[in-house]
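Contents: one structure, followed by commentary.
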Amino acid sequence: MAESVVEIVKKHLTREVLCAFVLFLGISGCDSPPPKFAPNRLFIERMARGEGADLEVAAPDIAQALEDWFGTPDQPKWPQILQTEEFAGLVDVDRLGRAAGQVRSDENDVHYGLYREHCVNCHSQEGNGRGPTSVFLNPYPRDFRPGIYKFKATAIGRKPTRADLRRTLVNGIVGTSMPSFQLLKSDDIEALLDYLVYLSVRGEVERALIAEAAFELDAGDRFYAPELSDRDPDRFAEQREVIEDVILEVAGDWQDSFVEETVAPEPPEGVPAFAVDSSGRIEDAALRASIDRGREIYLGEVANCASCHGKTGVGDGPTKDYDFWTKEWTTSLGLDPADRDAIEPLLDLGALKPRVISPRDLRAGIYRGGGQPSDIYSRIVNGIEGSPMPAVAMQPDNPRGLTELEVWDLVNYVLSLPHEQLELLSGASE
Amino acid sequence: MNESPKVPRYSKALHRLAVVLTIAVFPLIWVGGLVTTYDAGMAVPDWPGTYGWNMFAYPATTWLFGPFDLLVEHSHRLLGALAGFLCIGLVIIAWRVEYRRWFQFWTVALLAAVIIQGGLGGARVVLDERTIAMIHGCTGPLFFAMATATAVMSSRWWIELGQESRRETESTPRPINSKLVVLATLLAIAAYMQLIVGAQLRHLTGAVAPKLFTAFVHSHLTLAGLVLLLAVIVAALSWLGRFVPASVYRPSGLLALLVLVQIALGLGTWVVNYAVPWEAINQQIAHYTILAKGFWESLIVTAHVATGSLIISLSVVIALRTWRFASVGTSQAQNKDAIHAAASQA
Chain A
11 MAESVVEIVK
21 KHLTREVLCA
31 FVLFLGISGC
41 DSPPPKFAPN
51 RLFIERMARG
61 EGADLEVAAP
71 DIAQALEDWF
81 GTPDQPKWPQ
91 ILQTEEFAGL
101 VDVDRLGRAA
111 GQVRSDENDV
121 HYGLYREHCV
131 NCHSQEGNGR
141 GPTSVFLNPY
151 PRDFRPGIYK
161 FKATAIGRKP
171 TRADLRRTLV
181 NGIVGTSMPS
191 FQLLKSDDIE
201 ALLDYLVYLS
211 VRGEVERALI
221 AEAAFELDAG
231 DRFYAPELSD
241 RDPDRFAEQR
251 EVIEDVILEV
261 AGDWQDSFVE
271 ETVAPEPPEG
281 VPAFAVDSSG
291 RIEDAALRAS
301 IDRGREIYLG
311 EVANCASCHG
321 KTGVGDGPTK
331 DYDFWTKEWT
341 TSLGLDPADR
351 DAIEPLLDLG
361 ALKPRVISPR
371 DLRAGIYRGG
381 GQPSDIYSRI
391 VNGIEGSPMP
401 AVAMQPDNPR
411 GLTELEVWDL
421 VNYVLSLPHE
431 QLELLSGASE
Chain B
110 MNESPKVPRY
120 SKALHRLAVV
130 LTIAVFPLIW
140 VGGLVTTYDA
150 GMAVPDWPGT
160 YGWNMFAYPA
170 TTWLFGPFDL
180 LVEHSHRLLG
190 ALAGFLCIGL
200 VIIAWRVEYR
210 RWFQFWTVAL
220 LAAVIIQGGL
230 GGARVVLDER
240 TIAMIHGCTG
250 PLFFAMATAT
260 AVMSSRWWIE
270 LGQESRRETE
280 STPRPINSKL
290 VVLATLLAIA
300 AYMQLIVGAQ
310 LRHLTGAVAP
320 KLFTAFVHSH
330 LTLAGLVLLL
340 AVIVAALSWL
350 GRFVPASVYR
360 PSGLLALLVL
370 VQIALGLGTW
380 VVNYAVPWEA
390 INQQIAHYTI
400 LAKGFWESLI
410 VTAHVATGSL
420 IISLSVVIAL
430 RTWRFASVGT
440 SQAQNKDAIH
450 AAASQA
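Pasting the structure below:
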């Protein structure tokens, strides 16, 4: 009986009936159009201003090209030219599809729409770091489109490795709003990583195409005109080639680091690993000596950490700097980030209000990129890309630079800073 | 008193059923909150069936021991169905024992409300529309408030208070402070508006502009202040005022406490979702990293949602009781006037 009632209800409760019901209740939004990626208007304006280019005609062409090669938020595409052996390990097309689209899950606990479920409120659909909540977050969420990441084991200018981004996703970023996703299944994490690469590559291609148009195109010229495919196949093929070259170049950069197996750097023989005893004291004499050497390096000319992090490490250096994501559309255009009127039009195009980036208080003991000695080592020798923190000069590339051993001493000093006060206090009471 | 059909009569069965319904709706709200917290709205893709099964026949093993999201979503549907059956029972009993015509129609309205609410839930799934999820989340607490009102209006207290006023015309009328009536009503309205704004914050999609989100945050904070203010004033007026019955001042005190708890939960909800907007403070909150879908995170967020509903229902209880006292007080006063008038005419 109940069965048949359910059957009858089921038969008549079609999409249309429910739509009518919802409309009857005065709710609109029954058939909202499928979402599209918004163009990077800020970068278009930046290139237009910086290069004096007129991108009026090129901008919609670029949007069309992106849609043709990369699809939409519901139906992402991974360009055919990247689905080759050469680019294996960047993005798995099935996983990409699973990470995209609407949120749902099935009886086997397979989850779909992962990006929209877990990331979109902060990082936004485009991955531009300007999700609805972004203005309240400090630091702001990452804009994935320039393809620049802070916490990675690769040198400045290089892409992160898969392990780098995986660590960020699994551990989160302590002391910020970036959550840890360690409760997700590892396959979901991998799908999100694929989607991250997808958004980054897509965003970088978009930027490169905008730059290409700004540098190479005369005002009013078409950048990409699919209607030429019949009329002027040669011209169309040329346009396609320009675009595909850019895609290959961007993906090549990712391929160079992303799939790399990195081994966490380990202190060489003779450098004691950092450790405190249960009362928070550092007893080991060799370690204390290493920390003392580290302090000298910290204060010294070459590393010059104190110039930003302050002599005592509380981050009170005199810098009043901004990060890459801000400088790109302010100082690099000759605008003062603190000049409200000058930046106002750019804020309207999707820029986030500039915030001064302060050097970290090293006594807080908060390491966003991970607190293992190997993580700190990576931060020091690679810098923190996108932030003002530079990579330290190293031998042999720079004869005046630090040796590997010296960096490990510095690591020990940095790790000892949160414990130092405690130690002084307990030392005084003895 | 003879059993004239004009005189409302207290029915134990009716009142008990209304109370059972109210109690049953609270977990329904909780689990509904969990559906959103875990983003499990589409863990069952069809409706009214569950993966092609009649929802009541869906294998318990998959329901209970299958994916967590499925457990949450399917439980929500079963609890919803339970609320529906209880409403049907209420209508039947009301039409058999109740003498108040309006109350009979009220139970029909209650049944209609639960059907609409179920339909909205179904539409959210079949059309896969998050906007509908948001609306479904706003109408749920409204239904909870309606169920609560049913319990209040079917209680012995409610009915006999009215009868006393007819019988004991000689007793001193005690009209309740009319300010209290107005403020208690405003409190219920403000609490509901607050919930609607909260639902906007909660049912975020990537399509919401940061400016809009900011506007909602500011409204939510402002309304929180207003609700707190009203709750404190209502509590103060009922505790300090003369002639305010225990059935009003007790829940008023509880409500003020609940609002404080709710504000704490609200701040907690923000922190476990977005950390603190001040970087320096984030550094100081020891070594906390937000754990996405973590147990405590989800508990705090969902408790904030459920407490919001509870506040609305409790403020409805208070508002209804003050109304009742006010109307009885007035009718007593009118009676007294009539007696005086009759006496002076004689």
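In the order they appear, the protein sequences are chains A and B.
Numbering-wise (my numbering), the first sequence opens with residue 11 and increments by one.
Numbering-wise (my numbering), the second sequence opens with residue 110 and increments by one.
Note that the Cβ used here is the ideal one computed from N, Cα and C, for glycine as well.
Run of the alpha helix (DSSP H) containing residue i, from where it starts to where it stops
| i | result |
| --- | --- |
| Cys129 (chain A) | Cys129 (chain A) -> no alpha helix (DSSP H), and no H or E assigned at all. |
| Asn382 (chain B) | Ala355 to Tyr383 |
| Phe154 (chain A) | Element bounds for Phe154 (chain A): n/a, residue is neither H nor E. |
| Trp264 (chain A) | Pro243 to Phe268 |
| His124 (chain B) | Lys121 to Thr146 |
| Tyr208 (chain A) | Ser196 to Glu226 |
| Gly304 (chain A) | Ala295 to Leu309 |
| Thr178 (chain A) | Arg172 to Asn181 |
| Pro236 (chain A) | Where Pro236 (chain A) is concerned, there is no enclosing alpha helix (DSSP H), given that its DSSP letter is neither H nor E. |
| His329 (chain B) | Pro319 to Leu349 |
| His183 (chain B) | Phe177 to Val206 |
| Asn138 (chain A) | Where Asn138 (chain A) is concerned, there is no enclosing alpha helix (DSSP H), given that its DSSP letter is neither H nor E. |
CA-to-CA distance, residue j to residue i, given in whole angstroms
| i | j | result |
| --- | --- | --- |
| Ile225 (chain B) | Glu61 (chain A) | 58 Å |
| Tyr159 (chain A) | Leu188 (chain B) | 46 Å |
| Glu112 (chain B) | Ala333 (chain B) | With a pLDDT of only 47 at Glu112 (chain B), under 50, the local geometry of the prediction cannot be trusted, and the value read off the model is given with reservation. Spanning the two alpha carbons is a distance of roughly 48 Å. |
| Ser280 (chain B) | Gly228 (chain B) | Note on Ser280 (chain B): pLDDT 44, under 50, position unreliable in the model; the coordinate value appears next. Their Cα atoms are separated by approximately 50 Å. |
| Ala30 (chain A) | Ala232 (chain B) | 10 Å |
| Ala133 (chain B) | Leu195 (chain B) | 9 Å |
| Ser418 (chain B) | Tyr301 (chain B) | 8 Å |
| Gln213 (chain B) | Met151 (chain B) | 36 Å |
| Trp339 (chain A) | Leu194 (chain A) | 36 Å |
| Gly175 (chain B) | Thr159 (chain B) | 13 Å |
| Asn286 (chain B) | Leu236 (chain B) | 49 Å |
| Asn50 (chain A) | Leu209 (chain A) | 12 Å |
| Glu226 (chain A) | Gln74 (chain A) | 19 Å |
| Ala415 (chain B) | Leu364 (chain B) | 14 Å |
| Ala299 (chain A) | Gly185 (chain A) | 31 Å |
| Arg186 (chain B) | Pro400 (chain A) | 56 Å |
| Arg441 (chain A) | Ala221 (chain A) | Limits of chain A in this structure are 11 at one end and 440 at the other, which puts residue 441 (chain A) out of reach. |
| Tyr147 (chain B) | Lys402 (chain B) | 7 Å |
| Glu270 (chain A) | Gly167 (chain A) | 15 Å |
| Lys288 (chain B) | Ser347 (chain B) | 10 Å |
| Ile257 (chain A) | Asp228 (chain A) | 22 Å |
| Ala435 (chain B) | Thr248 (chain B) | 29 Å |
| Asp371 (chain A) | Pro347 (chain A) | 24 Å |
Residues sharing a beta bridge with residue i, DSSP
| i | result |
| --- | --- |
| Arg114 (chain A) | A:Tyr122 |
| Pro168 (chain B) | Bridge partners of Pro168 (chain B): none, in fact. |
| Gly81 (chain A) | A:Pro86 |
| Met404 (chain A) | A:Leu412 |
| Asp331 (chain A) | A:Ile367 |
| Thr159 (chain B) | B:Trp162 |
| Ser144 (chain A) | DSSP, once it has assigned bridges, lists no residue as partnering Ser144 (chain A). |
| Leu400 (chain B) | A:Ser190 |
Next on the checklist: Using a Cβ distance threshold of 8 Å, determine whether the stretch 198-218 of chain B contacts the stretch 120-133 of chain B, with at least three qualifying pairs required.
Outcome noted: Yes, the stretch 198-218 of chain B is in contact with the stretch 120-133 of chain B.
Checklist entry - What residues from the stretch 129-155 of chain A come within 7 Å of chain B, judged by C-beta to C-beta, listed N to C? => result Taking 7 Å as the Cβ-Cβ cut-off against chain B, the residues of the stretch 129-155 of chain A that qualify are Val130, Asn131, Ser134, Gln135, Arg140, Gly141, Pro142, Thr143, Ser144, Val145, Phe146, Leu147, Asn148 and Pro149.
Checklist entry - Quick one, which residues of the stretch 172-203 of chain A are near chain B if we go by CB-CB under 9 Å, in chain order? => result Going along the stretch 172-203 of chain A in chain order, one finds Asn181, Gly182, Ile183, Val184, Gly185, Thr186, Ser187, Met188, Pro189, Ser190, Phe191, Gln192, Leu193 and Leu194 with a Cβ nearer than 9 Å to chain B.
Checklist entry - With contact counted as at least three CB pairs below 8 Å, one residue from each stretch, are the stretch 83-103 of chain A and the stretch 261-281 of chain A in contact? => result The answer is yes - the stretch 261-281 of chain A touches the stretch 83-103 of chain A, with three or more Cβ pairs under 8 Å.
Item to check | Chain-ordered residues of the stretch 359-382 of chain A with a beta carbon less than 7 Å from chain B | outcome: Residues passing the 7 Å Cβ filter: Asp371, Ala374 and Ile376.
Checklist entry - If we count Cβ pairs, one from each stretch, closer than 8 Å, do we get three or more for the stretch 304-316 of chain A versus the stretch 398-418 of chain A? => result Contact holds between the stretch 304-316 of chain A and the stretch 398-418 of chain A, because three or more Cβ pairs, one in each stretch, are under 8 Å apart.
Next on the checklist: So if I threshold CB-CB distances at 8 Å, which residues from the stretch 129-154 of chain B count as touching chain A?
Outcome noted: Result list: Asp148, Ala149, Gly150, Met151, Ala152 and Pro154.
Checklist entry - Which residues, in order along the stretch 395-427 of chain B, keep a beta-carbon less than 7 Å from a beta-carbon of chain A? => result Hits within the stretch, in order: His396, Thr398, Ile399, Leu400, Ala401, Lys402 and Gly403.
Item to check | Contacting positions in the stretch 55-85 of chain A - beta carbon closer than 7 Å to chain B | outcome: For the stretch 55-85 of chain A, the beta-carbon criterion of a distance under 7 Å to any beta-carbon of chain B is satisfied by none of its residues.
Item to check | Cβ contact (3+ pairs, closer than 8 Å) linking the stretch 234-254 of chain A and the stretch 282-298 of chain A | outcome: The stretch 234-254 of chain A is not in contact with the stretch 282-298 of chain A.
Item to check | Touch test, the stretch 198-205 of chain A against the stretch 107-121 of chain A, Cβ-Cβ under 8 Å, three pairs minimum | outcome: Output reads yes: the stretch 107-121 of chain A touches the stretch 198-205 of chain A.
Item to check | Members of the stretch 101-131 of chain A near chain B, C-beta cut-off 7 Å | outcome: Hits within the stretch, in order: Gln112, Val113, Arg114, Ser115, Glu117, Asp119, Arg126, Glu127, His128, Val130 and Asn131.
Item to check | Members of the stretch 411-424 of chain A that neighbour chain B once the beta carbon cut-off is set at 8 Å | outcome: The stretch 411-424 of chain A vs chain B, Cβ under 8 Å: nothing.
Next on the checklist: Can you confirm whether the stretch 132-148 of chain A touches the stretch 317-327 of chain B when touching is taken to mean that 3 or more C-beta pairs between the two stretches lie within less than 8 Å?
Outcome noted: By the Cβ rule, the stretch 317-327 of chain B counts as touching the stretch 132-148 of chain A, because three or more pairs are nearer than 8 Å.
Checklist entry - Using a beta-carbon distance cut-off of less than 9 Å, what residues from the stretch 302-319 of chain A approach chain B? => result Along the stretch 302-319 of chain A, none of the residues has a CB nearer than 9 Å to a CB of chain B.
Item to check | Any 3 or more C-beta pairs closer than 8 Å across the stretch 292-307 of chain B and the stretch 120-135 of chain A | outcome: At 8 Å Cβ cutoff, the stretches do not touch.
Next on the checklist: I'd like to know if the stretch 160-179 of chain A and the stretch 354-371 of chain B are in contact, where contact means that at least 3 CB-CB pairs between them fall below 8 Å.
Outcome noted: Cβ pair count under 8 Å is below three, so no.
Checklist entry - Looking at chain A, which residues of the stretch 284-315 of chain B have a Cβ within less than 8 Å of any of its Cβ atoms? => result Those residues of the stretch 284-315 of chain B placed with their C-beta closer than 8 Å to a C-beta in chain A are Leu313, Thr314 and Gly315, ordered along the chain.
Checklist entry - In the stretch 374-395 of chain B, which residues sit with their C-beta less than 7 Å from some C-beta in chain A, listed in chain order? => result Per Cβ criterion, the list reads Tyr383, Ala384, Pro386, Trp387, Glu388, Asn391 and Gln392.
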